[in-house]
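Residue numbers (our numbering): 271 to 530. The beta-carbon is built from N, C-alpha and C at its ideal position, and this holds for glycine as well. From a predicted model like this one, the values you see are computed outputs, not experimental measurements.
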């Protein structure tokens with residue numbers, strides 16, 4: 271794909287847009303890729319902090335190649351273009367050349383705080399902004415710099431190895447409508463305590479998943495029913511760490527006078 275044949279205003283950012291055919295090819299790449307993915311790094315004007323973490327991700331400690339992710343020396347061989355640093359005046363054209371050199375379909379990733387939005391340099395006279403100001407970006411990996419684990423995770427998201435289910439829902443509120451509570455039979459104090467404890471023990475994301483499932487088991491159940499449901503859940507999961515966390519949640523409930 272080539273740049274649009276229109277006069278380019280070098281004082282206004284004009285990101286490249288993709289036509290429908292290229293979009294379809296990209297979706298095919300995301301779903302049907304059955305080989306290693308080749309990554310080319312495009313430095314748009316960074317401090318080399320992101321580069322250090324990228325090279326850490328491909329060392330034997332993290333070993334990104336076990337997922338089929340390989341770094342190449344030419345954009346002509348690349349499936350993924352990794353844009354680092356805020357886009358400066360001098361590096362804008364080389365970055366566009368790298369984008370044009372990579373064959374379609376290709377995936378573009380903004381890497382680091384500067385790549386995502388310009389970072390602390392976003393308002394400098396010589397900075398265009400983040401890489402989305404010049405090319406269409408598919409995945410953002412934030413951080414200053416991102417960790418090697420976040421780097422590998424971003425590659426996995428880009429390749430469709432991780433299923434992201436993003437659903438948008440809209441609701442129009444009618445007159446005198448009252449919001450319905452989720453799990454109304456469980457006291458609010460108990461819900462807050464369970465969610466906080468689960469997140470403290472398992473982290474924000476997994477802690478929320480554990481607390482939501484645990485509170486669902488508590489809904490409308492007696493102490494005997496709760497015990498049976500929890501035991502069945504833990505037997506099915508067969509996860510020692512989950513068992514430890516759930517037992518801690520049960521203990522916290524009993525200490526709070528709920529289901530004691």
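- Residue environment analysis places residue 475 among the exposed positions, since fewer than 16 neighbouring C-beta atoms fall within 10 angstroms of its C-beta.
- Around the beta carbon of residue 421, 16 or more other beta carbons sit within 10 angstroms, so the residue counts as buried.
- Looking only at 344, 477, 520, the smallest Cα-Cα distance to residue 460 is reached by 520.
- Looking only at 413, 362, 440, the smallest Cα-Cα distance to residue 403 is reached by 362.
- By the CB criterion at 9 Å, residue 396 and residue 354 fall outside the cutoff.
- Ranked by Cα distance from residue 414, the options 314, 511, 348, 323 are led by 323.
- In the three-state reduction of the DSSP assignment, residue 349 falls in the coil class, being assigned neither a helical nor a strand state.
- Under the criterion of beta carbons closer than 8 Å, residue 310 and residue 345 qualify as touching, at roughly 5 Å.
- Counting along the chain, the unbroken alpha helix (DSSP H) around residue 482 starts and ends at 474 to 488.
- Between the region 364 to 382 and the region 449 to 467 there are fewer than three inter-stretch CB-CB distances shorter than 8 Å, so the stretches are not counted as touching.
- Contact between residue 429 and residue 453 does not hold, since the beta-carbon distance rounds to 37 Å and is not under 8 Å.
- Residue ranges of uninterrupted beta strand (DSSP E) with 3 or more members, entirely inside the region 389 to 422 and ordered along the chain, are 397 to 399, 409 to 411.
- Taking the CA atoms as reference points, residue 389 sits about 7 Å from residue 356.
- Residue burial annotation: residue 450 is exposed, with fewer than 16 other C-beta atoms found within 10 angstroms of its C-beta.
- Under the three-state reduction of DSSP output, residue 500 falls in the helix class.
- Residue 455 sits in coil when the DSSP states are folded into three classes, being neither helix nor strand.
- Between residue 384 and residue 315, the CB-CB gap stays under 9 Å.
- Distances from the CA of residue 318 to each of 448, 416, 524, 523 were compared; the closest alpha carbon is that of 416.
- Residue 314 carries a coil assignment under DSSP once its states are collapsed to helix, strand and coil.
- Using a 10 angstroms sphere on the CB of residue 348, the tally of other CB atoms reaches 16 or more, which defines it as buried.
- From the listed residues 440, 409, 525, 464, the smallest Cα separation to residue 426 is found for 409.
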